[in-house]
Each structure stands twice: as structure tokens, then as C-alpha cells.
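Under the working numbering, the first residue of the sequence shown carries the number 196, and numbering increases by one thereafter. In this text, a Cβ means the ideal position worked out from N, Cα and C, and glycines have one as well. All remarks here apply to the structure that follows.
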Amino acid sequence: IYKGLWEIEESFKIIKSEFKARPVYVKKDEHVEAHFLICFVALVIMRVLEQMLGEKHTVKQIRYSLISYSCSYLEQNYYLFDYRDDVIKSFESTFDFDLSKKIMSQSEIKKILQYKNKRKYTTTL
Numbered sequence: 196i197y198k199g200l201w202e203i204e205e206s207f208k209i210i211k212s213e214f215k216a217r218p219v220y221v222k223k224d225e226h227v228e229a230h231f232l233i234c235f236v237a238l239v240i241m242r243v244l245e246q247m248l249g250e251k252h253t254v255k256q257i258r259y260s261l262i263s264y265s266c267s268y269l270e271q272n273y274y275l276f277d278y279r280d281d282v283i284k285s286f287e288s289t290f291d292f293d294l295s296k297k298i299m300s301q302s303e304i305k306k307i308l309q310y311k312n313k314r315k316y317t318t319t320l
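Written as C-alpha cells, this is what we have:
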């Protein structure tokens with residue numbers, strides 16, 4: 196019975212801390228339910244990513260990296276990607292992305308996204 200209890204407790208901790216599941220600043224019941232549904236779906240996605248990355252990174256690390264990985268428009272359809280860490284490197288190897296270039300054109304970004312949209316990823320949970 197208690198074998199997976201720590202995983203359940205950790206999941207609730209993640210929902211409360213990382214996804215700010217409480218306090219909920221909504222009044223209607225359906226809004227509260229929608230808020231918790233969004234938090235739960237986010238947790239499921241993060242857990243799947245955690246497993247796909249070989250459980251080398253925590254949900255907190257993955258979330259921080261995804262939030263931090265962004266780009267800034269330079270000029271003439273060129274973008275600067277100025278964040279890179281071990282989690283991003285794991286994404287590259289797991290999903291066969293090349294995110295090592297600091298500056299990419301819009302067409303390069305589109306090629307990466309178009310190629311990846313055609314691939315199907317499967318995982319066993």
C-alpha cells in the first residue's frame with residue numbers, strides 16, 4: 196500500500212509549489228475545478244518529460260529551464276537564444292533537436308518545428 200506513497204506526496208508538493216495550486220483566487224466552483232485541472236495536466240506533462248529525459252532532472256529543473264529558454268528578436272528575422280543548460284542539452288539528445296546555435300533565423304526555427312511535428316514520440320510510463 197505504501198510503496199508509491201512518496202511519489203503521490205511528491206506530486207502534491209509539486210502541484211502546490213511549482214504550479215501554485217493554492218491559494219486559488221477564484222470564487223466559482225467551475226473556475227476552481229478548471230484551475231486544478233490545468234495544474235494536474237501540467238503535472239502529468241512534466242512527469243512524462245521527466246521520464247523521457249531519463250529522470251536525470253527534477254520537475255523543478257525542467258520547469259525552470261523551459262521558462263528560461265526563450266529568444267529575443269534581433270533584426271531581419273534573426274533571433275537570439277541566450278539560455279542553455281544541462282536540461283536543454285538533454286532535450287536535444289532525447290528529441291533530436293539542435294538548439295546549440297545562439298542565433299537562428301526564422302526559417303531555421305521553422306525547419307526544426309516542421310521536422311519535429313512530423314515525428315511521433317512514444318514513451319512507456
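Counting C-beta neighbours from all protein chains within 10 Å, is the total for residue i 16 or more, i.e. buried, or is it exposed?
i, result
"TYR220", "exposed"
"TYR278", "exposed"
"TYR268", "exposed"
"LEU244", "buried"
"SER187", "Absent from the structure is residue 187, since the part of the chain shown begins at 196 and ends at 320."
"ILE257", "buried"
"VAL239", "exposed"
"VAL236", "exposed"
Could you please give the first and the last residue of the uninterrupted alpha helix (DSSP H) stretch that includes residue i?
i, result
"TYR259", "254–263"
"PHE231", "224–247"
Go to residue i, then tell me how far its beta strand (DSSP E) extends in each direction, as first and last residue.
i, result
"SER267", "266–268"
"TYR274", "273–276"
If you draw a straight line from the C-alpha of residue i to the C-alpha of residue j, how long is it?
i, j, result
"ILE209", "LEU261", "16 Å"
"VAL282", "TYR274", "21 Å"
"HIS226", "ASP291", "38 Å"
In this structure, how does DSSP classify residue i when only helix, strand and coil are distinguished?
i, result
"PHE292", "coil"
Any 3 or more C-beta pairs closer than 8 Å across the stretch 221–236 and the stretch 260–276: The stretch 221–236 makes no contact with the stretch 260–276, as fewer than three CB pairs between them are under 8 Å.
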